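Asker: My questions will all concern the structure given below.
Residue numbers (full-length UniProt numbering): 1 to 278.
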């Protein structure tokens with residue numbers, strides 16, 4: 001059965017209830033001491049594992065390392081995991097989003113295009129939790145947050161079988177959705193397992209894609225009402241388009257302000273008798 005809670009066998013020197021506060025403290029410290037993470041523009045290091053032979057990582061490799069340690073239970077105390085969860089939060093929230101997008105493009109979440117058609121994801125990024133079996137939505141959100149998936153909100157569907165997990169509308173949200181799916185898959189509770197199982201042994205989870213979007217019933221209806229189907233390339237192009245529009249708008253606004261300032265300055269000079277109009 002897939003379980004959300006931390007193992008009771010962990011060696012701890014802070015309580016589980018203090019973990020979130022400890023993660024936030026480590027995160028704030030990394031924001032002040034960013035040099036401890038950034039080795040160069042392309043390489044990064046883990047400030048909490050100085051004895052490791054591999055001192056520097058690519059962005060996605062360090063993110064994977066920190067996520068694995070933060071979620072692991074083997075011989076890891078809570079404080080050590082908390083530090084790495086703080087590192088995950090810092091990398092997602094404070095390092096360059098464009099760089100994160102490029103690194104995520106290398107993840108094996110979108111198979112090679114078949115017949116020229118890429119995989120379609122539900123946008124905004126959404127995950128599906130199936131076989132809730134009476135699980136409290138508030139408890140589910142708390143458990144997912146502790147796991148580092150940072151869900152924006154969770155919507156239970158009317159049939160009681162599914163809940164939809166909504167993630168942030170950026171590349172950190174996509175990364176969280178992918179890691180959410182992978183953790184269920186590792187525990188043999190991914191979508192393939194769900195379709196092949198009797199659904200009596202815990203929750204299942206995956207990232208919502210085209211087949212979920214087009215499904216009949218409450219799940220398909222919710223996804224169609226609240227999302228669209230887009231490829232990774234579509235989302236990247238939309239982001240670039242919005243950035244271009246923003247830059248153009250800012251340029252226009254600055255030009256309008258410049259003209260207004262010059263006009264006001266000229267009016268002031270006319271009052272003083274020093275400004276001549278053409």
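Glycine included, every Cβ here is placed at the ideal spot set by N, Cα and C. Every value quoted in this text rests on a predicted model; they were computed, and no experiment measured them.
Look up residue 152 in the DSSP assignment and say whether it is helix, strand or coil.
Answerer: Coil.
Asker: Grouping DSSP H, G and I as helix and E and B as strand, with all else coil, what is residue 37?
Answerer: In this structure, residue 37 counts as coil in the three-state DSSP scheme.
Asker: Where do the ends of the alpha helix (DSSP H) carrying residue 175 lie?
Answerer: Counting along the chain, the alpha helix (DSSP H) containing residue 175 begins and ends at 171-186.
Asker: By how many angstroms is the C-alpha of residue 155 removed from the C-alpha of residue 133?
Answerer: Each residue's Cα considered, the two are about 15 Å apart.
Asker: What residues in its chain sit with their C-beta under 8 Å from that of residue 158, if we drop five residues either side in the sequence?
Answerer: Excluding positions up to five away in sequence, the list reads 218.
Asker: By Cβ distance below 7 Å, which residues in the same chain neighbour residue 18 in space, the five residues on each side in sequence not counted?
Answerer: Contacts found: none.
Asker: Need the endpoints of the beta strand (DSSP E) that residue 122 sits in, please.
Answerer: From DSSP, the beta strand (DSSP E) with residue 122 extends over 121-123.
Asker: Can you tell me whether DSSP reads residue 289 as helix, strand or coil?
Answerer: Nothing in the structure corresponds to residue 289, since the chain is present only between 1 and 278.
Asker: Is it the case that the Cβ atoms of residue 86 and residue 49 are separated by a distance below 7 Å?
Answerer: No, the pair does not count as a contact, with Cβ atoms beyond the cut-off.
Asker: Within a Cβ cutoff of 8 Å, which residues of the same chain sit near residue 220, ignoring the five residues on either side of it in sequence?
Answerer: For residue 220, where only same-chain residues beyond five positions count, the Cβ hits under 8 Å are 212, 213, 214.
Asker: Just to confirm, is the Cβ distance from residue 47 to residue 38 under 7 Å?
Answerer: Taking 7 Å as the Cβ cut-off, residue 47 and residue 38 do not qualify as a contacting pair.
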